[in-house]
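Visitor: The structure follows.
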Amino acid sequence: MKSFTALVLLMLLCSNTLLRVSGDIGTATSYNPPCLPTRCGGYNQQQFPENGFFAAVSDGLWDNGAACGRRYRVRCISGPRGSCKNGEITVIVVDFCKNTPCHAMMLLSKAAFSAMPSQPFPTPTSTLNTQSSTLPAIQSSQ
């Protein structure tokens with residue numbers, strides 16, 4: 145019985161660790177204006193979240209436009225001249241990367257990029273190594 149309990153506790157510990165490290169590894173840089181029009185909402189200003197944390201994504205995340213409105217939790221893994229602090233941000237996809245090829249997997253708005261917990265503070269031309277995971281969609285009340 146003791147070995148069974150120990151096995152269950154070990155499995156719970158491992159599953160908790162696996163849940164915390166799951167996600168896509170990629171890069172992120174700053175999203176330069178003009179931000180409108182976007183491929184998701186055109187010229188509609190309502191597509192942007194109030195906190196200004198939005199992103200354009202590269203082909204690998206775009207999913208033929210299904211990425212529009214998708215929320216991602218983004219965590220900085222490493223950056224130029226330093227490591228990252230613990231912490232993460234949440235961004236909403238509003239656009240497809242306008243550059244071909246795209247400079248990064250995810251282009252973050254200036255507000256989101258400047259909030260990335262990287263030290264030293266990232267410059268707008270910096271590229272950060274990131275981990276991102278999809279969050280559940282927000283259900284709208286009707």
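Just remember that the working numbering sits 144 ahead of the position in the sequence shown, which is counted from 1.
Beta carbons: idealized from backbone N, C-alpha and C, even for Gly.
None of the values given here were measured: they were computed from a predicted structure.
Per DSSP, what kind of secondary structure is glycine 167 in: helix, strand or coil?
Guide: Correct three-state label for glycine 167: coil.
Visitor: Using the Cα positions of proline 280 and serine 258, report the straight-line distance between them to the nearest angstrom.
Guide: Distance between the alpha carbons of proline 280 and serine 258: 24 Å.
Visitor: What separation, rounded to the nearest whole angstrom, lies between the Cα atoms of cysteine 247 and serine 202?
Guide: Contrary to the premise, residue 247 reads as histidine rather than cysteine in this sequence. Using only the alpha carbons, I get a separation of about 8 Å.
Visitor: Comparing alpha-carbon positions, which option in Asn273, Val237, Asn195, Gly170 lies nearest cysteine 102?
Guide: Only positions 145 to 286 of the chain appear in this structure, which leaves residue 102 out of reach.
Visitor: Please report how far the alpha carbon of valine 165 lies from the alpha carbon of glycine 204, in whole angstroms.
Guide: Confidence at valine 165 is low in this model, with a pLDDT of 47, below 50, so its placement is unreliable and no value can be given for it.
Visitor: At the level of alpha carbons, what is the spacing between leucine 180 and asparagine 188?
Guide: Straight-line Cα distance between these residues: approximately 8 Å.
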